[in-house]
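Asker: For the sequence shown, my numbering gives the first residue as 17, with consecutive numbering after it. Every residue gets a Cβ at the ideal spot worked out from N, C-alpha and C, and that includes glycine. Mind having a look at this structure? Questions to follow.
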Amino acid sequence: MIKKFIVLITVVFTCNSFAQQGTSSPYSFYGLGSLKFKGTVENQSMGGLSVYSDSIHLNLRNPASYAGNNLKFYNNEARPIKYTVGGSQSSVNLKTESANDNANTTTFDYLAIAIPLGKFGAGFGIIPYSSVGYKLQSIDPNDVLQYKYRGEGGLNKVFVGVGYQLTKDLRIGIDTHYNFGNITNTNIAYGYNDDGDFLQYHSREVNRSDLGGISFNFGIIYSKLLKDNLELMASATFSPTSNLSSENERSFSSIVINPSTDQDFAINTIDVDLAAQNLKNTTLKIPTKSSIGVGVGDPRKWFAGVEYTLLKASQYTNRLVTIDNAVFEDASTISLGGFYIPRYDSFNKYLKRVVYRAGLRFENTGLVVNDQAIEEFGISFGIGLPVGRVFSNANLGVEIGKRGTTNANLVQENFVNFQISLSLNDRWFEKRKFN
17 MIKKFIVLIT
27 VVFTCNSFAQ
37 QGTSSPYSFY
47 GLGSLKFKGT
57 VENQSMGGLS
67 VYSDSIHLNL
77 RNPASYAGNN
87 LKFYNNEARP
97 IKYTVGGSQS
107 SVNLKTESAN
117 DNANTTTFDY
127 LAIAIPLGKF
137 GAGFGIIPYS
147 SVGYKLQSID
157 PNDVLQYKYR
167 GEGGLNKVFV
177 GVGYQLTKDL
187 RIGIDTHYNF
197 GNITNTNIAY
207 GYNDDGDFLQ
217 YHSREVNRSD
227 LGGISFNFGI
237 IYSKLLKDNL
247 ELMASATFSP
257 TSNLSSENER
267 SFSSIVINPS
277 TDQDFAINTI
287 DVDLAAQNLK
297 NTTLKIPTKS
307 SIGVGVGDPR
317 KWFAGVEYTL
327 LKASQYTNRL
337 VTIDNAVFED
347 ASTISLGGFY
357 IPRYDSFNKY
367 LKRVVYRAGL
377 RFENTGLVVN
387 DQAIEEFGIS
397 FGIGLPVGRV
407 FSNANLGVEI
417 GKRGTTNANL
427 VQENFVNFQI
437 SLSLNDRWFE
447 KRKFN
């Protein structure tokens, strides 16, 4: 097990060494940014489907998955300790009615461990919640640059959870999340003289919010073997509304801009007294989120399911930044997907033990800009490659899709996401036997 922890930590440092901004979407300007976590690579390769839960993969979207039955492979003595790490690379084409641009981002996505404790199971780790990363500019009808906008940051979650096996077929669980992070929005206004030439000085506004707060996620999983080769599985999760405390800063600066690098440098800066405006410390809401899903399959052979997720995005609030052309409505996602394993116990033909996954995802993000609902669609594929001797695997996935529209002067994003993860298993305790 020590060797696997070393591999895990090595992958984490590798992911972090290549990490860039977590998103390049202009829609991350709104709310808390673009919502990042859509499950493990296994989930994402099935259209985001998280109904399925087994003894050798972590399901980070449902804490009931930490509990489970012991493995016959281990003489019914225990379940394995499970640990996983994942990262992704995204290539995006940003398209408007008059222009195109491309962007690439590479991110570390999650790190988690689940430990068996009899009928209980515990899990802990870190996952992203949202990411902000945009660069926009405003040009007047005469093609004169007026404003530039950029943003960075996001929200992460450190979590600890516990699951419990109520009956042979029913499991429940709860996750506690500590949410933390910061978001910085920068606006630059350009000045010109009467001849249309750049002025020496321009103005810059910077808003920063440091965020923190506690949230919870409750889960339940029901699985029933209807007959030897047919299993029914259903799951549900619920995350109630939670509050984030936001400590805010705002400043205005006179700046000069290096024309060759486009970098801006402050000449003098004035910090705004937000306390006098009752904006120094504010509260933001993480909306209520619930999901329900169902699927059927042949254990260790195939599975197909559907899941519906509702996010009460209309509960988003932000007193520091007011946006006139955008509102939030309730968001929803429908995921369809599944997997197929030709023969999980074929130890002489490797490809028969490979897990083949596929899925679809239809999402209304809840964001409405210029009276246009921002929707997202993705089709995904993936494989799980067996490694080692105890049902560990390396998972590869790809998702192709689009977000947004070119209507109403908006941006359409055509994206290809590549994901990779390690899902490792080992004995927690092993009974010693003497003849």
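So, at 6 angstroms on beta carbons, what are the nonlocal neighbours of V288 in its own chain, with the 5 sequence-adjacent residues on each side left out?
Answerer: Along the sequence shown, one-based indexing puts residue 288 at 272. Same-chain partners within the cutoff: R266.
Asker: Since I believe L171 is in contact with L48 (beta carbons under 8 angstroms), could you give me their beta-carbon distance rounded to a whole number of angstroms?
Answerer: To locate residue 48, count along the sequence shown from 1; it is residue 32. To locate residue 171, count along the sequence shown from 1; it is residue 155. Right, the Cβ-Cβ distance comes to about 6 angstroms (below 8 angstroms), so this counts as a contact.
Asker: So the alpha helix (DSSP H) V57 belongs to, where does it begin and stop?
Answerer: As a first step, residue 57 must be located in the sequence shown, where it is residue number 41. Here the alpha helix (DSSP H) through V57 covers 57-60.
Asker: Straight-line CA distance for S231 to T122?
Answerer: Working through the sequence shown from its first residue, we reach residue 231 at position 215. Working through the sequence shown from its first residue, we reach residue 122 at position 106. Answer to the nearest angstrom: the Cα atoms are 27 angstroms apart.
Asker: When burial is assigned at 16 or more other CB atoms within 10 Å of the CB, is Q435 buried or exposed?
Answerer: Against the sequence shown, residue 435 aligns to sequence position 419. So Q435 counts as buried.
Asker: Which of helix, strand or coil does DSSP assign to I22?
Answerer: Your numbering for residue 22 matches position 6 in the sequence shown. With a pLDDT of only 42 at I22, under the threshold of 50, the placement of this residue in the model should not be trusted; the figure read from the coordinates follows. Per DSSP, reduced to three states, the secondary structure at I22 is helical.
Asker: Note down the Cα distance separating G309 from A250, rounded to an integer number of angstroms.
Answerer: As a first step, residue 309 must be located in the sequence shown, where it is residue number 293. As a first step, residue 250 must be located in the sequence shown, where it is residue number 234. One Cα belongs to G309, the other to A250, and the distance between them is close to 6 angstroms.
Asker: Do V108 and A119 have their C-beta atoms closer together than 9 angstroms?
Answerer: In the sequence shown, counting from the first residue as 1, residue 108 sits at position 92. In the sequence shown, counting from the first residue as 1, residue 119 sits at position 103. Yes; because the gap between Cβ atoms is below 9 angstroms, this pair is in contact.
Asker: Do V414 and G398 have their CB atoms nearer than 9 angstroms?
Answerer: As a first step, residue 414 must be located in the sequence shown, where it is residue number 398. As a first step, residue 398 must be located in the sequence shown, where it is residue number 382. Closer than 9 angstroms, so yes.
Asker: Just to confirm, is the Cβ distance from A424 to S396 under 9 angstroms?
Answerer: Working through the sequence shown from its first residue, we reach residue 424 at position 408. Working through the sequence shown from its first residue, we reach residue 396 at position 380. No, Cβ-Cβ distance for A424 and S396 is not below 9 angstroms.
Asker: For H73, list the residues DSSP reports as bridge partners.
Answerer: Sequence index remark: in the sequence shown, residue 73 carries index 57 (1-based). Answer is none; H73 lacks a bridge partner.
Asker: Please go through the same chain and pick out, in chain order, the residues whose beta-carbon is closer than 7 angstroms to the beta-carbon of N209, but skip the five residues on each side of it.
Answerer: In the sequence shown, counting from the first residue as 1, residue 209 sits at position 193. Excluding residues within five positions, the ones whose Cβ falls inside 7 angstroms are L215.
Asker: Nearest by alpha-carbon distance to Y217: which of T285, V370, K240 is it?
Answerer: Within the sequence shown, residue 217 is the residue found at index 201, counting from 1. Comparing Cα-Cα distances from Y217 to each of T285, V370, K240, the minimum goes to T285.
Asker: In terms of DSSP beta bridges, what is I155 paired with?
Answerer: Within the sequence shown, residue 155 is the residue found at index 139, counting from 1. According to DSSP, I155 bridges with L161.
Asker: Per DSSP, which one or two residues make a beta bridge with I271?
Answerer: Walking along the sequence shown from the start, residue 271 turns up at place 255. Per DSSP, H218, A282.
Asker: Alpha carbon to alpha carbon, what distance is there between S154 and E113?
Answerer: Position 97 of the sequence shown, counted from the start, is the residue given in the question as residue 113. Position 138 of the sequence shown, counted from the start, is the residue given in the question as residue 154. Near 15 angstroms, if we compare the C-alpha coordinates of S154 and E113.
Asker: DSSP three-state call for L352: helix, strand or coil?
Answerer: Here residue 352 refers to the residue found at position 336 of the sequence shown. Here L352 sits in strand by DSSP.
Asker: With a cut-off of 8 angstroms, do at least 3 Cβ pairs link the segment 47-63 to the segment 346-360?
Answerer: yes
Asker: Distance, Cα to Cα, R419 vs L133?
Answerer: Working through the sequence shown from its first residue, we reach residue 419 at position 403. Working through the sequence shown from its first residue, we reach residue 133 at position 117. When rounded, the distance between both Cα atoms is 42 angstroms.
Asker: Kindly indicate which three-state DSSP category S408 falls into: helix, strand or coil?
Answerer: Your numbering for residue 408 matches position 392 in the sequence shown. Residue state, collapsed to three classes: strand.
Asker: Below 6 angstroms CB to CB, which residues in the same chain sit around S269 once its five sequence neighbours on both sides are set aside?
Answerer: For this step, residue 269 is matched to residue 253 along the sequence shown. Within the same chain, S269 has close Cβ partners R220, A282, T285.
Asker: Straight-line CA distance for I97 to K135?
Answerer: Locating residue 97 in the sequence shown gives position 81, counting from the first residue. Locating residue 135 in the sequence shown gives position 119, counting from the first residue. Straight across, the Cα-Cα distance linking I97 with K135 is about 14 angstroms.
Asker: For the 8 angstroms Cβ check, are there 3 or more pairs between the segment 185-193 and the segment 225-240?
Answerer: Contact between the segment 185-193 and the segment 225-240 is present, because at least three Cβ pairs lie under 8 angstroms.
Asker: Under 9 angstroms between the Cβ atoms of K301 and Q331?
Answerer: Stepping through the sequence shown from its first residue, residue 301 is reached at position 285. Stepping through the sequence shown from its first residue, residue 331 is reached at position 315. Yes, they are a contact pair.
Asker: Taking only the alpha-carbon atoms, compute the straight-line gap between H73 and V343 and give it to the nearest angstrom.
Answerer: Against the sequence shown, residue 73 aligns to sequence position 57. Against the sequence shown, residue 343 aligns to sequence position 327. Going by the C-alpha atoms only, they are around 38 angstroms apart.
Asker: Just the Cα atoms here: how many angstroms apart are L152 and N203?
Answerer: Residue numbering aside, residue 152 sits at position 136 when the sequence shown is read from its first letter. Residue numbering aside, residue 203 sits at position 187 when the sequence shown is read from its first letter. About 10 angstroms.
Asker: In this structure, does DSSP put K184 in helix, strand or coil?
Answerer: For this step, residue 184 is matched to residue 168 along the sequence shown. Correct three-state label for K184: coil.
Asker: Quick check on DSSP: helix, strand or coil for R369?
Answerer: Within the sequence shown, residue 369 is the residue found at index 353, counting from 1. Helix at R369.
Asker: Starting from I436, trace the beta strand (DSSP E) in both directions and tell me its first and last residue.
Answerer: For the purposes of this step, residue 436 is taken as the residue at position 420 of the sequence shown. Taken as a continuous stretch (DSSP letters only), the beta strand (DSSP E) holding I436 covers 428-442.
Asker: With 16 other CB atoms within 10 Å as the buried threshold, where does I143 fall?
Answerer: By 1-based counting over the sequence shown, the position of residue 143 is 127. Counting other Cβ atoms within 10 Å of its Cβ, I143 reaches 16 or more and is therefore classed as buried.
Asker: What are the start and end residues of each continuous beta strand (DSSP E) run of 3 or more residues lying completely inside the segment 98-175, in chain order?
Answerer: 116-133, 136-155
Asker: Extract the residue ranges of the beta strand (DSSP E) inside the segment 285-330, only unbroken runs of 3 or more that lie entirely within it.
Answerer: 297-302, 305-314, 318-327
Asker: Might you give, ordered along the chain, the residues of its own chain that have their beta carbon closer than 6 angstroms to the beta carbon of P42, omitting 5 neighbours on each side?
Answerer: Residue 42 sits at position 26 when you count from the first residue of the sequence shown. Hits under 6 angstroms: Y150, L152, V427.
Asker: Just grab the DSSP bridge partners of P402 for me.
Answerer: By one-based count along the sequence shown, residue 402 stands at place 386. According to DSSP, P402 bridges with N409.
Asker: Select from N441, T381, F393, L440 the residue whose C-alpha is nearest the C-alpha of L51.
Answerer: Your numbering for residue 51 matches position 35 in the sequence shown. Comparing Cα-Cα distances from L51 to each of N441, T381, F393, L440, the minimum goes to T381.
Asker: If we call anything under 9 angstroms between Cβ atoms a contact, is G229 one with Y194?
Answerer: Position 213 of the sequence shown, counting from 1, holds the residue named residue 229. Position 178 of the sequence shown, counting from 1, holds the residue named residue 194. Yes. Within cutoff.
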